[in-house]
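Residue 839 in the working numbering sits at position 149 of the sequence shown, and the numbers go up by one each step.
Some notes on the structure that comes next.
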Amino acid sequence: MLDALLPFKRNFLDRNGHKLHYINEGQGEPVVMVHGNPSWSFYYRNLVTALADTHQCVVPDHIGTGLSDKPDDQGYDYTLSCRIDDLEALLESLNIRENITLVVHDWGGMIGMGYAARHPDRIKQLVFLNTAAFHLPSSKPFPLGLRICRDTLLGTLLVRGLNAFSSAASYVGVKRKPMAADIRKAYVAPFNSWANRISTLRFVQDIPLKPGDRNYQLVTDIENSLSQFAEAQVPTLICWGLQDFVFDKHFLDVWKQKMPHAQIHEFADCGHYILEDAAEEVIGHIQDFLSNHEAKEVPGEAD
C-alpha cells in the first residue's frame, strides 16, 4: 500500500552509521522540502509529483522518522542542531549549493531556516506552511497538550506507549474533511512501536521555552537571521491553515511582521496539515510562485 501512495525511489545517506532516507525526484532548480513532527516525507508526496517535471525535489526523512533509521538516545542526539547538520550533510552530498527553494512545515521551519542562516547565499526563495523559525509568540500560551508531552511522565507514556501524538495529529490536523483511512495509516505507520516513537517525543521535549533551555540561543540566532531575508526581499510565499491546533494566527502574525514582503494565502477552514486539507490550492500557489520567480534570460547575454 505504501509503495502505491509514495511511488518514489528510496535513497539513503549514511549519517554516522545511521541511514537517512530521502526522496530525490526530477531535474532542474532544487526544491528542498523539510517536514516536521509527527509527520515525515510522506507529507510532501503530492507536491513532489506536481513539481518533479520542472524541479529537483529533495525531501529528507529526519532521523527517527519515516523510512530513516530510528536509533535510541545513545545512537543519536535528537536535537535541533543535529537536525540542521543532517540537512546540511544531505545537500552537500547531492552538491546542492545554489538557487534553493525551501519549503518548510512545522519543525521543518526551524530546521530549514537553521540551514538557511548558515548559508543565506544559497537560498533563492522560501515557502512557509504552518511553521515557525522563532520563539513562541508572546501572545500565545504554550498549548497544554504539548506541555504534558514535553514535561510529564504521562506525556511520555501517551506518546511512546500509545502513539497519541501522531495518531491525534492525523485526526485533528485536518479540518475540511477527515483523512482517508489509508492516508492516516501511512502517516502513523513509521511510528509503530515504543522504540520507533522516540523522535516524536524528543521533538516536543526539544522545544525551548526560556533562556537556559537547550537550543534557546540557537532559536534566537535563527530568529535574528530572518531579517536578512526580509531586507534582501527574498521571494517568500506563506500558505496557512488558520485552524491549526498549534501554529495558529499568533504565529502567522509574527511571520507578517518578520517577512512583510511575503505573499500570503490564508485558509480559514484548514488545519495543520495544509497540504492535505487544501492540496490543490496550495500546490497551485506554489507552482505559480515558482513560475513567477524563474530565472529570466537577459537579452544580449545568450550566444
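Glycine residues also receive a C-beta, built at the ideal position from the N, C-alpha and C atoms.
Out of the options, point me to the one whose CA is closest to residue i's CA.
| i | options | result |
| --- | --- | --- |
| TYR963 | VAL944, PHE937, LEU980 | PHE937 |
| PHE702 | LEU696, GLN953, ASP751 | ASP751 |
| LYS760 | GLY718, ARG892, VAL724 | ARG892 |
| GLU921 | PRO810, GLN746, MET723, ARG735 | PRO810 |
| ASP767 | TRP930, SER828, ARG904 | ARG904 |
| THR926 | PHE818, ASN727, HIS708 | PHE818 |
| TRP797 | THR821, ASN785, LEU784 | THR821 |
| LEU826 | VAL738, LYS939, ILE790 | LYS939 |
| ASP776 | LEU843, GLY707, LEU844 | GLY707 |
| TYR877 | ASP704, LYS709, HIS725 | HIS725 |
| ILE897 | ASP762, LEU770, VAL794 | LEU770 |
| LEU916 | PHE698, LEU848, ARG773, MET800 | MET800 |
| LEU899 | ILE753, LEU852, GLN977, PRO833 | PRO833 |
| GLY765 | LEU848, LEU847, LYS709, LEU692 | LYS709 |
| HIS951 | PHE957, GLN923, ARG837 | GLN923 |
| GLN947 | GLY902, SER883, CYS772, ASN914 | ASN914 |
| LEU852 | ASN882, ARG874, ARG866, GLY835 | ASN882 |
| LEU965 | THR910, ILE838, LYS867, GLY902 | LYS867 |
| ASP763 | PHE698, ASN886, GLY902 | ASN886 |
Per DSSP, what kind of secondary structure is residue i in: helix, strand or coil?
| i | result |
| --- | --- |
| GLY835 | helix |
| GLU966 | helix |
| SER981 | helix |
| TYR804 | One point to set straight first is that residue 804 is Gly, not Tyr, in the sequence displayed. Here GLY804 sits in helix by DSSP. |
| TYR712 | strand |
| HIS809 | coil |
| GLY990 | Any reading at GLY990 must be qualified, since the residue scores a pLDDT of 41, below 50, and its modelled position is unreliable; the value itself is stated next. Coil. |
| LYS814 | strand |
| ASN736 | helix |
| THR910 | helix |
| LEU899 | coil |
| HIS951 | coil |
| THR821 | strand |
| HIS752 | coil |
| TYR766 | coil |
| TRP945 | helix |
| THR846 | helix |
| ASN882 | coil |
| ARG904 | coil |
| GLN923 | coil |
| LEU757 | coil |
| ARG866 | coil |
| LYS939 | helix |
| LEU777 | helix |
| ARG887 | helix |
Does the ligand NAD have a heavy atom nearer than 7 Å to the CB of residue i?
| i | result |
| --- | --- |
| ILE774 | Of ligands this structure carries none, so the ligand NAD is not represented either. |
Output needed for residue i: all residues of its chain with C-beta closer than 6 Å, excluding positions within five of it in sequence on either side, in chain order.
| i | result |
| --- | --- |
| ASP993 | Reliability fails at ASP993, whose pLDDT of 35 lies under 50, so the model's placement of it is uncertain and no value is given. |
| ILE912 | MET803, GLY804, ALA807, ALA823 |
| ILE954 | ILE928 |
| PRO728 | PHE855, SER856, ALA859, THR890 |
| VAL988 | Only weak support exists for where VAL988 lies, its pLDDT of 35 falling under 50; the value from the coordinates is given anyway. Same-chain partners within the cutoff: there are none. |
| LEU848 | ALA854 |
| ARG652 | Limits of the chain in this structure are 691 at one end and 993 at the other, which puts residue 652 out of reach. |
Can you give the beta carbon distance from residue i to residue j, rounded, assuming they're within the 8 Å contact cut?
| i | j | result |
| --- | --- | --- |
| LEU932 | CYS960 | 7 Å |
| ARG840 | GLN895 | 5 Å |
| ASP967 | VAL864 | 5 Å |
| ALA792 | VAL722 | Ala is not the amino acid found at residue 792; the sequence shown has Leu there. Yes, they are in contact, since the Cβ atoms of LEU792 and VAL722 sit about 6 Å apart, within 8 Å. |
| ASN714 | LEU784 | 7 Å |
| ASP872 | LEU696 | Their Cβ separation, rounded to whole angstroms, is 11 Å, which puts ASP872 and LEU696 out of contact at 8 Å. |
Sorted by chain position, which residues of the same chain lie with C-beta nearer than 7 Å to residue i's C-beta, five sequence neighbours on each side aside?
| i | result |
| --- | --- |
| THR755 | TRP730, PRO880, SER889 |
| ILE973 | ASN736, LEU737, ALA740 |
| ALA870 | none |
| HIS975 | LEU927, CYS929, HIS955 |
| ARG705 | ILE753, ASP776, ALA779 |
Skipping 5 residues on each side, what residues in its chain have a beta carbon closer than 8 Å to that of residue i?
| i | result |
| --- | --- |
| THR744 | GLY716, GLY718, LEU980 |
| PHE919 | ALA806, PRO810, ILE813, LEU816, THR926, MET949 |
| LEU757 | ARG700, HIS711, TRP730, SER731, ASP751, PRO880 |
| GLY990 | Note that GLY990 scores 41 on pLDDT, short of 50, meaning its location in the model is unreliable; the coordinates nonetheless yield the value given after this. There are no such residues. |
| ILE774 | ILE801, GLY804, TYR805, ARG808 |
| VAL944 | ALA822, PHE824, PRO827 |
| GLN746 | ASN714, GLU715, GLY716, GLN717, GLY718, GLU719, PRO720, VAL721, ILE786 |
Using DSSP's beta-bridge definition, name the partner residues of residue i.
| i | result |
| --- | --- |
| ARG705 | HIS708 |
| GLU956 | TRP930 |
| PRO720 | GLN746 |
| ILE786 | Paired residues: none, contrary to the question. |
| VAL794 | VAL724, PHE818 |
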